[in-house]
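Trainee: Chains as they are written, first to last, in the numbering used here: chain A, 3 to 326; chain B, 11 to 634.
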Amino acid sequence: MVFLEGGRSRRPTRFARVSRARLAAAIFSRPCPGRQQGGWTMFAVSTSAIASGLPRPSIVPAAALLILMMVFPAAAASTTPEQAGTALARKVDQRPDGQSMATAGTMILKSPDGEPRTRQYFLFRQDESNGGKRTLIRFTEPADIAGTGLLVHDHPDAASDEWIYLPALGRVRRISSSRLGGRFVGSDIYYEDLQTRQVSEDHHRLTGEATVHGIQCKIVESVPKDSTNSVYTKRVSWIDPHTLLPLRVDYYQGGDKPSKRLTALKIERIQGFWTMTDSVMTDLNSGSSTRLTLDRVRYNPKLPASLFNTRTLADPTLDRPYRP
Amino acid sequence: MFQERTQQPPWASTAQRMKGKRLIALLLVAPAIAAFPSARSETNPPPCLSRDQALERVRALRDEGKIAAIRTGACVQQYYAVGLTGFTGYEQAKAASDRLAKAGIQAYVHRRGRHGGWIVWAGAFQDSEPAHHRLRRIAGAGFKDAALYPVQSRGSGYIAVVTGTQTTTESPKPPEHGSAAESSGTIVLGNPPPAYATPTRGASKARAVQFFLDRAQVEAGWLPDQSAPTDNVGYVHVSGGLRWLPNPRWDVKLAARVDGYSQSGGAHFNALNLDYDEDYVRYHGHSYDVTLGTQRILWGRVDEIPPTDQISVKDLTRGPLDKLKDRRRTELAARLQLYGKSSSLDLVLLPVFRGAELPDFASIWSPVDQRTGRVLGRPPSPTMRYLVSNGSFEDDVNGVGGAGARWEMTGHALDGGVTLQRVRQSLPYFELDTRAREVLLATGNPAAAVQAAGGDTFHARHPWTWVAGGDMSLAKGPVTWRAEAAWQSDVAVTDGDTLRMRTVPALDWVVGGDFFPGDRDLRVTLQLAGHELITPGDTLERHRHYLITGDVEAPFDHARWSTDIRFRAGLDRSDFYLNPELRYEAWEPNVFYVGAHFFSGAPDTLGGFYQDNSMVVVGWRTRM
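Written as structure tokens, this is what we have:
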């Protein structure tokens, strides 16, 4: 509904307010000949309520306004759902998240019929100037995996190198970065979920909007272009357009129903960066879940390049000074 | 857990059905009412805010002593629409719209009522500045009559609402000054599912001194075979100590281990051994580490039998039961590790030689079986049987240990390393005493030979050898390939004619890889290994042998359980070892397991030597 205050100036600063009934009576629509924008038909909207002596703004009917918001880029999304989805996915990918990050996190694994198991870890990330990224994850609890580390080098060409250090092995071991399935330390998070996925690897499509916990989100469906480089046949993300965080992600592995769901439980603005600090990944088939909480987050700490090599991976004492 | 409502744009479904102003009015009004149930009661909706603005407003309200929260709800959004009027006909308006389009300005034609003429809309903005900018562009395109039409649209957005008044006059506690997580906005999106304990985490400040339990293990075994040397075995292990990290540069570790062994129901044996573990001082330089003290140094890349791993101390006290790292002891060493951008150089000096840790001769894992008169790796014979059963063994553990260097690089998908070592072999080679050998060759009488030796019948030798080798791992697709090879200059053998110990060169190699079938949790490691004596002549030992080793590990039930099957199988001789194990790991950090060790094979192979030791075991392992 549009409520406008009256105004007679050419470029008024006041707004006209009219009754709902008068507005309803004042407007009608008729299809414009030959005009079709983005699959929606534009309408000619009566402006009979606009006072004489135009240009003097008084009323811009709601339908016209909605159409304007729909078709003009300044107030609306891209033209096609695919373009809109890709644009939003790109914005999410390019969401500011600092050049580096150090976090202390907790992972709680819960099976439907078992006691929760807790893992504590530290995660370090450094974005490189060439577009690559380096990540080190170090587990500190429980004792049987304490010292376990995973080192990932993401290169600008989407290739990755990964190494793992297992205290029981006593050595650093290169592992295949093309491993996508499989549970990371027994959780509901797959190895693919830990990797950075390029926007260009999927077909994106904006399918609509929905409210998640009172926040209006845009829904983007992402389908891998190459089915061999993902364990998922489809991902549907509910993205908050303001924070550019996905508040919910449904993962499909064939079929019409999702097999996993990521749900955001809390987002915080830390050092100016919106951060998902509490989330749950649920295996919808088995009912198990993995809750991830970030207990301490530090953006843009000074992390040396030496933190992200196999020397540090093999010696947990070397990353202690940088733990938040 | 949350409510959601998929909302199609109001005009989308009406596009095909719009007929008449009455229907339009209803369609415009109805969605507005449906979307905002409280709309009828909100005659003065607040202005819509951005997320940041709403959060700021909430903070300001809280500072005023109110309880406030960010919500989404009905609010009024202000827009600035840019339009050109004065067109009496559609064609005229269309021409203007086309002219604007040529100027790069998107525009659309609308009818202003039945008699109101036509208007060309050329943009709608939430802020006035871009709206004025659009006006200037339109003026530049030759249209002087464009105007801004500020409008308000009722919709849904962020608002700050007051939900109550604080009972205290204190202002809300601001985020901790200087804290690592200085948040200025928090949005809770719902409650976690029940049965989740709220995670608590202590401060990250690492203690300078930490006591640790590296490994504790208790295991009981039962040997069902009638020919087994004993009925039951037991094993207890505890290793741990303390670690002092006064600053990021220095690392001091003091650790020890206790191993307890028992056998009953046959070859009775009990032992409790105390040994040092890793006891060192380490200094971390910018691009180097220096470590002095006892250390466990594991070189090589492949599993179980890395050929270049010739610098470490082997542990034979439990035969092949344990995995590689637990089959290695520590030794006194001075170690310098130099690090480059993607390479490293590891230099090791062993000032004191430590031979392999051997079990008591009474242990069923001893490589010298005096009960049956056999030595691991030697073909049995009546002569050998008498000598071993009735003779004695002396171990030479004196002297220096040698030195070694290893250079390693990491790259894109490929890691590799080369090594050069001058070391004494950790495993003892039992040489027949010279006097005993001469008498045996002269008389063929092993009893006389044993008597002639005077002292020990067999002397353990750890010959010096050069080791040159390399290793690599390549991640290619779903498989991580590994390969390793080492040439040794002096491997001990016994001459078939003279029964004298001599040394010959040898080559050991392993190729293999690991992969995850179906890209799931099942991990499979397979390796092909070979050992070849180079121009050995006539020796008592086999000149070559080949085998396949592997490991199949499968966690299940969300890693609360796992199975692990290790195996090795000879390809040219019968030589088989199988170790299946079922583990329960849900009660972390404890692991409860039940397993079996099965041996079979030709007498001069590992499988054949230990085939009477096949057993079923249960046990518990933990770390702290």
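Cβ atoms here follow ideal geometry from the backbone N, Cα and C, with glycine treated the same way.
Along the chain, which unbroken stretches of the alpha helix (DSSP H) at least 4 residues long are found entirely within the region 400-480 of chain B?
Mentor: 444-453 and 456-463
Trainee: Below 9 Å on C-beta distance, what does residue 137 of chain A contact in chain B?
Mentor: Chain B residues near residue 137 of chain A: none, gap ~15 Å exceeds 9 Å.
Trainee: Sort B:560, B:614 and B:439 by Cα distance to residue 334 of chain B and report the nearest one.
Mentor: B:560
Trainee: Just to confirm, is the Cβ distance from residue 523 of chain B to residue 481 of chain B under 8 Å?
Mentor: no
Trainee: Should residue 311 of chain A be labelled buried (16 or more other beta-carbon atoms within 10 Å of its own) or exposed?
Mentor: buried
Trainee: Under 8 Å, Cβ to Cβ, is there at least one residue of chain B near residue 80 of chain A?
Mentor: In this predicted model, residue 80 of chain A has a pLDDT of only 45, less than 50, meaning its place in the structure is not dependable enough to derive any value.
Trainee: Hey, how far is the Cα of residue 244 of chain A from the Cα of residue 269 of chain A?
Mentor: 12 Å
Trainee: Taking 7 Å as the cut-off, is the C-beta of residue 364 of chain B nearer than that to any heavy atom in the ligand GTP?
Mentor: The model depicted lacks the ligand GTP and carries no ligand whatsoever.
Trainee: Residue range of the beta strand (DSSP E) that residue 241 of chain A falls in?
Mentor: 236-242
Trainee: Suppose you measure from the CA of residue 491 of chain B to the CA of residue 179 of chain A; what does that come to, to the nearest Å?
Mentor: 13 Å
Trainee: For residue 354 of chain B, return the contacting residues in chain A, with the cut-off set at a CB-CB distance below 7 Å.
Mentor: Per Cβ cutoff of 7 Å: 313.
Trainee: Taking the C-alpha atoms as reference points, what is the distance between residue 130 of chain B and residue 160 of chain A?
Mentor: 47 Å
Trainee: What does the alpha-carbon distance come out to for the pair residue 440 of chain B and residue 468 of chain B?
Mentor: 6 Å
Trainee: Between which two residues does the beta strand (DSSP E) holding residue 499 of chain B run?
Mentor: 489-504
Trainee: Kindly list, in the order they appear in chain A, the residues whose Cβ is closer than 9 Å to that of residue 294 of chain B.
Mentor: 317, 319 and 320
Trainee: Quick one: is residue 270 of chain A near chain B, going by C-beta distance under 8 Å?
Mentor: Interface residue, yes.
Trainee: For residue 189 of chain A, count neighbouring C-beta atoms within 10 Å of its own C-beta (all shown protein chains included) and say buried if the count is 16 or more, exposed if not.
Mentor: buried
Trainee: Going along chain A, which residues have a C-beta under 7 Å from residue 195 of chain B?
Mentor: 270 and 271
Trainee: Classify residue 259 of chain A as helix, strand or coil using the three-state DSSP reduction.
Mentor: coil
Trainee: Can you name the start and end residues of the beta strand (DSSP E) that residue 313 of chain A belongs to?
Mentor: Unbroken run through residue 313 of chain A is the alpha helix (DSSP H), 312-316; no beta strand (DSSP E).
Trainee: Under 8 Å between the Cβ atoms of residue 410 of chain B and residue 475 of chain B?
Mentor: no
Trainee: Could you run through the region 213-246 of chain A and flag, in chain order, every residue whose CB is less than 9 Å away from some CB of chain B?
Mentor: 213, 214, 215, 216, 217, 218, 219, 221, 233, 240, 242, 244 and 245
Trainee: Between which two residues does the beta strand (DSSP E) harbouring residue 542 of chain B extend?
Mentor: 533-543
Trainee: Less than 8 Å between the C-beta atoms of residue 143 of chain A and residue 154 of chain A, yes or no?
Mentor: no
Trainee: Taking DSSP as the reference, what is the three-state secondary structure of residue 303 of chain A?
Mentor: coil
Trainee: Does any C-beta atom of chain B lie closer than 8 Å to the C-beta of residue 309 of chain A?
Mentor: Not one chain B Cβ lies under 8 Å of residue 309 of chain A.
Trainee: If contact means a Cβ-Cβ distance below 7 Å, which residues of the region 256-276 of chain B contact chain A?
Mentor: Here the close residues are 258 and 261.
Trainee: Is the shortest distance between the beta-carbon of residue 249 of chain A and the beta-carbons of chain B less than 8 Å?
Mentor: Among the residues facing chain B, residue 249 of chain A is included, as its CB has a counterpart in that chain under 8 Å away.
Trainee: Around the Cβ of residue 622 of chain B, are there at least 16 other Cβ atoms within 10 angstroms (buried) or fewer (exposed)?
Mentor: buried
Trainee: Rounded to the nearest angstrom, what separates residue 321 of chain B and residue 324 of chain A at their Cα positions?
Mentor: 34 Å
Trainee: Taking C-alpha atoms, which residue in B:593, B:351, B:59 and B:456 lies nearest to residue 421 of chain B?
Mentor: B:351
Trainee: Within the 8 Å Cβ cut-off, does residue 191 of chain A reach chain B?
Mentor: no
Trainee: Answer yes if the region 235-252 of chain B comes into contact with the region 301-313 of chain B, meaning at least three C-beta pairs across the two stretches below 8 Å, and no otherwise.
Mentor: no
Trainee: In whole angstroms, what is the alpha-carbon distance linking residue 388 of chain B and residue 551 of chain B?
Mentor: 6 Å
Trainee: Any Cβ of chain A within less than 8 Å of the Cβ of residue 51 of chain B?
Mentor: Because the pLDDT of residue 51 of chain B is 39, which lies under 50, any placement of that residue in the model is unreliable, and the question is left without a value.
Trainee: Note down, in chain order, all residues in the region 172-197 of chain A with a beta-carbon under 7 Å from any beta-carbon belonging to chain D.
Mentor: Protein chains in the displayed structure are A and B, and chain D is not among them.
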